[in-house]
Amino acid sequence: MFAVTLLAAVPSVGMAQGPGNARGAARATTKGGTAQAPKNTKNTDVTTLLGAWSGTATIPLGDSTIVVPVTYNFAQTNGVLAGVAMVPGQGSGPIGKVVKDGDRIRFVVTAPENRLLEHEGTLSASRVIEGMVNLDNKPIARFRITPAKPGTAPR
């Protein structure tokens, strides 16, 4: 039931786009004449996701809609961001392949029967992540999460 209820996440390591060698890369020059690579303006720091996030997943079912509480706990081990996703009363699954590219977030939750729930969302300035959960490249739910407040149960 967890897979039907939520099954969404698609994390992976972010990769720079463009040519992979110095000849194709843009360069900037300082007053001293030293060449430096231009600064990356996109925020790829996944540590902004660390900790517990809670909210809801909205699942359309024909002529009705189900709204279920969800919790995502992100942790970093040896430089890799991963974690556990949980739907109370339905189960949990590991989070992996977490990618942050600017305000876009992608990660994957492995549900029972190794079903991969791919999550893709946007992180707002007010620290809300909203997006879609896909299963087999088809949208199955919309999710909205915020950092969980310590000592509160998921809603």
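Residue numbers (the numbering used here): 1244 to 1398. Here a beta-carbon is modelled for each residue, glycine too, at the ideal position from N, C-alpha and C.
Environment of residue i [buried if 16+ CB atoms lie within 10 Å]
i     : result
G1364 : buried
G1305 : exposed
K1343 : buried
G1374 : buried
G1322 : exposed
Identity of the residue in the options nearest residue i by Cα
i     : options                       : result
L1378 : V1341, R1370, H1362 and P1393 : H1362
V1348 : S1367, T1314 and T1301        : One detail in the question is off: residue 1348 reads as Ile in this sequence, not Val. For I1348, the nearest C-alpha among the options comes from S1367.
F1350 : F1386, N1321, S1369 and P1331 : F1386
T1389 : I1383, N1380, V1371 and M1375 : V1371
A1325 : I1309, L1292 and I1383        : L1292
I1338 : M1329, D1346 and E1356        : M1329
CB contact flag (residue i, residue j, <9 Å)
i     : j     : result
S1307 : A1391 : no
A1300 : V1310 : yes
Note to self: Quick check on the DSSP output: what are the complete alpha helix (DSSP H) runs of length 4 or more inside the region 1276 to 1342, in order along the chain?
What the structure shows: none
Next item on the list: Return the chain-ordered ranges of every beta strand (DSSP E) run that is complete within the region 1367 to 1397 and spans a minimum of 3 residues.
Entry: 1372 to 1378 and 1381 to 1390
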